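Going by our numbering, the letters in the sequence shown line up with residues 5 to 301, in that order.
The beta-carbon is built from N, C-alpha and C at its ideal position, and this holds for glycine as well.
All values reported here derive from a predicted model rather than from experimental measurement.
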Amino acid sequence: MERLSSPYTIRYPQIVAVADESGGQVELVEFFDCTGGAMWVKRHYAQSPLVRSVRTVGSTNRYLLSTGSADLALEGSVFPAGIAEVAVEEDEIAVTYRGLGGGGVGASVCRAGAEGVVRCVSDPAGGGRLAGSTVWLPRLERVLVGIDDTDTPEEGATWTLAHNIARAVEDDRSRYLSHTIVQLYPVPYRTKNCVAIACEFATSDPAGLIRNYRDLLEEYTLSDETGMAVWRGFDPSPLEEFGCRVKRGEVSADDLAALDDERLSIVMNGRGVIGAVAAIPFYTRYEEALALWNGSG
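(1) Smallest Cα separation from Ala118: which of Asn298, Val33, Asp209 and Glu174?
(2) In whole angstroms, what is the alpha-carbon distance linking Asp264 and Phe36?
(3) Compare the beta carbon distance of Gly279 and Thr230 with 8 Å and say whether it is the shorter of the two.
(4) If you measure between the beta carbons of Gly28 and Thr71, is that distance less than 8 Å?
(5) In chain order, what are the residue ranges of uninterrupted alpha helix (DSSP H) at least 4 long that sit wholly in the stretch 73-160?
(6) Is the stretch 290-297 in contact with the stretch 184-191, if contact means three or more CB pairs nearer than 8 Å?
(7) From Gly212 to Arg179, what distance separates their C-alpha atoms?
(8) To which residues of the same chain is Ile284 closer than 6 Å at the C-beta, ignoring the five residues directly before and after it?
(9) Sorted by chain position, which residues of the same chain lie with C-beta nearer than 6 Å to Ser112's C-beta, five sequence neighbours on each side aside?
(10) Please classify Leu69 as buried or exposed, where buried requires at least 16 other C-beta atoms within 10 Å of its C-beta.
(11) What are the start and end residues of the beta strand (DSSP E) that includes Ile270?
(12) Determine whether the beta carbon atoms of Val58 and Arg66 lie at a separation below 8 Å.
(13) In its own chain, which residues sit with a C-beta less than 8 Å from the C-beta of Glu89, not counting the 5 before and 5 after it?
(14) Among Glu25, Val199, Val271 and Ala282, which one has its Cα closest to the Cα of Ser256?
(15) Among Leu144, Leu8 and Ser81, whose alpha-carbon lies nearest the alpha-carbon of Ala23?
(16) Measure the CB-CB distance between Ala233 and Val173 and report whether it falls below 8 Å.
(17) Considering only their Cβ atoms, is the gap separating Gly120 from Ile19 smaller than 8 Å?
(18) Below 8 Å on the Cβ atoms is my guess for Thr64 versus Thr154; work out the distance and round it to an integer in Å.
(19) With DSSP collapsed to three states, give me the class of Gly237.
(20) Kindly indicate which three-state DSSP category Ser300 falls into: helix, strand or coil?
(21) Answer with buried or exposed for Val92, where buried requires no fewer than 16 other C-beta atoms within 10 angstroms of its C-beta.
(22) Note down the Cα distance separating Tyr287 from Gly247, rounded to an integer number of angstroms.
(23) State the start and end residues of the unbroken beta strand (DSSP E) segment that holds Thr184.
(24) If you compare alpha carbons, which of Glu25, Ser9, His183 and Leu165 is closest to Glu94?
(25) Name the residue from Asp152, Val109, Glu31 and Leu8 whose alpha carbon lies nearest to the alpha carbon of Val250.
The structure is reproduced here in structure tokens:
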């Protein structure tokens, strides 16, 4: 049996942060290994004045944060830990954590050693004392890749290809965050299930990421009607009305052409591009994404 090298430390596997265009909002994405600790943090950190919302997506907690600083009225059991400051700089995002007792261990050394942290300052932690840290993370951009129609009635599956390409293009500048299957209205010319895929990335190299994804998709798709669309931006909600229409019924190429937003680009313009665009606003909204709106919803 191996001895424990750090019995009172659990390192967060990875922390990623994306900021909106103005620098006023940040989504902090914390990958976790200890589910109990992550759920404790989610409950208590939600009380921080800078935390607008928090949700669990797969093995991550996602905090929607306002920039600024706040005094935390920390109190054992009641409000034992939280986020005290968020600052967005040109290329970096700084997040300051504070906690009491075990919450201070999580707020300091556990986060300081996470992959993705550029540098940090951290207090000694343990016992019942107050401790914390400030971590600096690269300021990344959200890129959402939508794809549809890569298979044929004989072979292939779009959801697997989308995931495998997303894993293949991941590197030090681009982190693969999520994969969402989006059920569309079952049009007559579908392969079978009529779903599209949205893959989410946080990246400092959006052009390179998009190029690499397109090159692999062109190489491995089995269809002549493959569609690939990309949204570069913090919030794809401007595409939500279009996405809902594609989930409720058949939509034409003219309807797609009417969309006018510089953050949206069409990368592969096969018939599947309608589903590719429609998938994007449903990223990580799994219940809505998977629901079949068969014309009566």
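Reading it off the structure:
(1) Residue numbering aside, residue 118 sits at position 114 when the sequence shown is read from its first letter. When each option's Cα is compared against that of Ala118, the closest is Val33.
(2) On the sequence shown, residue 264 is found 260 positions in, with the first residue counted as 1. On the sequence shown, residue 36 is found 32 positions in, with the first residue counted as 1. Approximately 38 Å between the Cα atoms of the pair.
(3) Against the sequence shown, residue 279 aligns to sequence position 275. Against the sequence shown, residue 230 aligns to sequence position 226. The beta carbons of Gly279 and Thr230 sit no closer together than 8 Å.
(4) Along the sequence shown, read from residue 1 onward, the residue named residue 28 stands at position 24. Along the sequence shown, read from residue 1 onward, the residue named residue 71 stands at position 67. A contact, by the Cβ cut-off of 8 Å.
(5) Runs of the alpha helix (DSSP H) lying entirely within the stretch 73-160 and spanning at least 4 residues, in chain order: 106-111 and 113-116.
(6) yes
(7) Taking the first residue of the sequence shown as position 1, residue 212 is located at position 208. Taking the first residue of the sequence shown as position 1, residue 179 is located at position 175. Their Cα atoms are separated by approximately 13 Å.
(8) Taking the sequence shown and counting its residues from 1, one reaches residue 284 at position 280. So the qualifying residues of the chain are Leu148, Gly150, Ala202, Trp235, Pro240 and Leu243.
(9) Stepping through the sequence shown from its first residue, residue 112 is reached at position 108. The answer, listed in chain order, is Ser126, Asp127, Ala129, Ala135, Gly136 and Ser137.
(10) By 1-based counting over the sequence shown, the position of residue 69 is 65. It counts as buried.
(11) Taking the sequence shown and counting its residues from 1, the one referred to as residue 270 is at position 266. The continuous beta strand (DSSP E) containing Ile270 extends over residues Leu268 to Asn273.
(12) Position 54 of the sequence shown, counting from 1, holds the residue named residue 58. Position 62 of the sequence shown, counting from 1, holds the residue named residue 66. Yes, these two residues count as a Cβ contact at 8 Å.
(13) Working through the sequence shown from its first residue, we reach residue 89 at position 85. Excluding residues within five positions, the ones whose Cβ falls inside 8 Å are Leu54, Gly72, Ser73, Ala74, Ala98, Val99, Thr100 and Thr138.
(14) Position 252 of the sequence shown, counting from 1, holds the residue named residue 256. Ranking the options by Cα distance to Ser256, first place goes to Ala282.
(15) Locating residue 23 in the sequence shown gives position 19, where the first residue counts as 1. Of the listed residues, the one whose Cα sits closest to Ala23 is Leu144.
(16) Translated into positions along the sequence shown, residue 233 becomes position 229. Translated into positions along the sequence shown, residue 173 becomes position 169. No; because the gap between Cβ atoms is not below 8 Å, this pair is not in contact.
(17) Stepping through the sequence shown from its first residue, residue 19 is reached at position 15. Stepping through the sequence shown from its first residue, residue 120 is reached at position 116. For Ile19 and Gly120, yes; Cβs fall inside 8 Å.
(18) Position 60 of the sequence shown holds residue 64. Position 150 of the sequence shown holds residue 154. 27 Å between Cβ atoms; not a contact.
(19) Taking the first residue of the sequence shown as position 1, residue 237 is located at position 233. It is coil, neither helix nor strand.
(20) Residue numbering aside, residue 300 sits at position 296 when the sequence shown is read from its first letter. A caution first: Ser300 carries a pLDDT of 48, below 50, which makes its placement in the model unreliable, though a value can still be read off. Of the three classes helix, strand and coil, the one that applies to Ser300 here is coil, per DSSP.
(21) The residue you call residue 92 lines up with position 88 of the sequence shown. The residue is buried, with at least 16 neighbouring Cβ atoms inside 10 Å.
(22) As a position in the sequence shown, residue 287 is number 283, starting the count at 1. As a position in the sequence shown, residue 247 is number 243, starting the count at 1. Roughly 11 Å between the two C-alpha positions.
(23) Here residue 184 is taken as the residue at index 180 of the sequence shown, counted from 1. Its beta strand (DSSP E) spans residues Ser178 to Gln187.
(24) Translated into positions along the sequence shown, residue 94 becomes position 90. Answer by Cα proximity: Glu25.
(25) For the purposes of this step, residue 250 is taken as the residue at position 246 of the sequence shown. Closest by alpha carbon: Asp152.
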